[in-house]
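One structure is given below, encoded as structure tokens.
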């Protein structure tokens, strides 16, 4: 069992690094979702199924959805500001 535990910890380090290295916000949300899936697998391997289920709901679905909603609102606000600037200028 130790080999699986070491392997999942290495995979977590790789996916965490991938989240940081991605610069496009939309792609970063997908990377965060993958990271959440890997964390839930880690919790399952370390025999914490309740935490794993919580991680699936929050880290894989909830957090990425909230980030995407925030990105959409920021984009909409920026478009509104541009339209107002065109009207004034």
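Residue numbers (my numbering): 6 to 94.
All C-beta atoms in this analysis are idealised placements derived from N, C-alpha and C, irrespective of residue type, glycine included.
Only a predicted model underlies this, so the values are computations on that prediction, with no experimental measurement involved.
Here residue 47 is buried, its C-beta having at least 16 other C-beta atoms within 10 Å. A Cβ-Cβ distance of about 6 Å is found for the pair residue 44 and residue 64, placing them in contact under the 8 Å criterion. Sequence-distant Cβ neighbours of residue 51 in its own chain, meaning closer than 8 Å and more than five residues away, are 10. Contact annotation: the segment 24-37 touches the segment 68-80, with at least three C-beta pairs closer than 8 Å.
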